[in-house]
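Everything below concerns the one structure shown next.
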Amino acid sequence: MLTTVSAGPVSVRGISVGGIYTALQVPELGVLLDAGAAPRSFAGPDRLFLSHGHADHAGSLASLLGVRALVGKTKPLRVHLPAEIESDVEDAVAAASRLQGHKLGIRPVPMNPGDEAPVGSGLCARAFRTHHPVPSLGYAFVRRVKKLRPAYSGLSGGEIRERRRRGEDALLFAVEERTELAYATDTLVGVLDREPALYKARVLIIECTFLDERKPPRVARAGCHIHLDEILDRASHFDNEAIVLMHFSQTYKPAEVHEILARRCPAPLRDRVVAFAPGAGDWPG
Ligand SMILES: [Zn+2]
Ligand SMILES: [Zn+2]
167 MLTTVSAGPV
177 SVRGISVGGI
187 YTALQVPELG
197 VLLDAGAAPR
207 SFAGPDRLFL
217 SHGHADHAGS
227 LASLLGVRAL
237 VGKTKPLRVH
247 LPAEIESDVE
257 DAVAAASRLQ
267 GHKLGIRPVP
277 MNPGDEAPVG
287 SGLCARAFRT
297 HHPVPSLGYA
307 FVRRVKKLRP
317 AYSGLSGGEI
327 RERRRRGEDA
337 LLFAVEERTE
347 LAYATDTLVG
357 VLDREPALYK
367 ARVLIIECTF
377 LDERKPPRVA
387 RAGCHIHLDE
397 ILDRASHFDN
407 EAIVLMHFSQ
417 TYKPAEVHEI
427 LARRCPAPLR
437 DRVVAFAPGA
447 GDWPG
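Residue numbers (my numbering): 167 to 451.
What follows is the structure in structure tokens.
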């Protein structure tokens, strides 16, 4: 039922069909991205990032909490979400708790564009604005790395330790930011123009709901989604190690998705594009 793909240093597993369900897991980062389905194996991570409240992205939150309770996870799931939908999600979880007959716990982490939240292992998640008819966010997972400034590269280990002891860290080291992963779904393509840092993320997971002339770009834009034409218009901008395209419309069978991307993506992009779709057969479910 689940698809797993390798994308640079991480793997992405889960399920994603535009308008039906999107629920992804990145095991290396210990995070879930959206909860439009609640596969059994998604009970592990303690952090969920909701892009927005549409049912195909958030509709299975109660099921996910139920699965966690069933396997004995007592820690409330930390749910990062657009601040505007916090109370609605809490209301929904409260109603689900009443229906369940016991409390389904979440710890909401409301976020606005630019907000950061620690994710563990030296990573933090930074929210950015996506463009959809309802409140929505994308998330960039950023690692800050201290690098010795070139001017001090001649210092010995002992000298560096001594100067650090004297509190000269800021002088000695520059802090570099590296975006390990960015996630942008259910959005106009303008998100790429307004957040050019997405082109530099090591791994970019981005929606590409429509792929050819059967649904032209104007149809994609009317629903606040991205068309492959719009990605190809920007092909030379992508510096990512891997670009995971997902949230494909069920207009296309999985094999067609692979065929269209292989045919339409120019070589430098094709080598890095990963289609988040089963290798053959139909979409799950
Ligand atoms: Zn969607
Ligand atoms: Zn949506």
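Don't be surprised by glycine CBs; every beta carbon is placed ideally from N, CA and C.
It should be emphasised that the depicted structure is a prediction, and the values quoted were computed from it without experimental measurement.
Item, Value
"Three-way DSSP call (helix, strand, coil) for Glu-425 in this model", "helix"
"Ser-263 versus His-223 - alpha carbon distance", "20 Å"
"Bounding residues of the beta strand (DSSP E) (the contiguous stretch that carries Ser-125)", "Residue 125 falls outside the range modelled here, since the chain spans only 167 to 451, and no answer is possible."
"Segment limits, beta strand (DSSP E) that includes Ile-326", "Unbroken run through Ile-326 is the alpha helix (DSSP H), 323-331; no beta strand (DSSP E)."
"8 Å contact criterion, which Ala-228 and Leu-270 should meet: CB distance rounded", "6 Å"
"Touching by the beta-carbon criterion (3+ pairs, under 8 Å), the segment 337-345 and the segment 175-183", "no"
"Coil, strand or helix - Tyr-318 by DSSP", "helix"
"Asp-352 beta carbon near ligand 1 (any heavy atom closer than 6 Å)", "yes"
"Beta-carbon gap between Val-423 and Ile-392 smaller than 7 Å", "no"
"Span separating the alpha-carbon of Lys-351 from that of Ser-319", "The question names Lys, but residue 351 is Thr in the sequence shown. Roughly 42 Å between the two C-alpha positions."
"Heavy atom of ligand 2 within 6 Å of Pro-220 beta-carbon", "The residue asked about is misnamed: residue 220 is His in this sequence, not Pro. His-220: yes, Cβ under 6 Å from ligand 2."
"Identified DSSP bridge partners for Ile-272", "Leu-243"
"Residue range of the unbroken alpha helix (DSSP H) whose run includes Ser-172", "Note, Ser-172: premise wrong, no alpha helix (DSSP H); beta strand (DSSP E) at 169-173."
"Supposed close pair Ala-291, Asn-278 - CB separation, criterion 8 Å", "The pair is not a contact, with the Cβ atoms about 13 Å apart (cut-off 8 Å)."
"Nearest-angstrom Cα separation, counted from Val-385 out to Arg-244", "35 Å"
"Pairwise C-alpha distance: Arg-329 and Ala-221", "55 Å"
"N- and C-terminal bounds of the beta strand (DSSP E) containing Gln-191", "187-192"
"Backbone CA spacing between Ala-261 and Gly-219 [nearest angstrom]", "16 Å"
"Three-state secondary structure assigned by DSSP to Pro-434", "helix"
"Residue(s) in a DSSP beta bridge with Pro-279", "Bridge partners of Pro-279: none, in fact."
"Within 7 Å, strictly: CB atoms of Pro-450 and Met-167", "yes"
"Whole-Å CB distance - Leu-347 paired with Arg-360, under 8 Å assumed", "19 Å between Cβ atoms; not a contact."
"Which listed residue (Asp-448, Lys-241 and Pro-274) has its alpha carbon closest to that of Gln-416", "Asp-448"
"Within 7 Å, strictly: CB atoms of Leu-370 and Ile-426", "no"
"Cut-off 8 Å between Cβ atoms - residues of its own chain near Phe-404, not counting five sequence neighbours on either side", "Tyr-365, Leu-370, Leu-435 and Arg-438"
"Neighbourhood of Arg-149 by C-beta distance below 7 Å, restricted to the same chain and skipping five residues each side", "Residue numbering for the chain in the displayed model covers 167 to 451; residue 149 lies beyond these limits and cannot be assessed."
"Val-183 burial status per 10 Å Cβ neighbour count (16 or more: buried)", "buried"
"Exposure label - Val-311; buried when at least 16 CB within 10 Å", "exposed"
"Span separating the alpha-carbon of Ser-253 from that of Val-275", "11 Å"
"Limits of the unbroken beta strand (DSSP E) element including Arg-344", "339-350"
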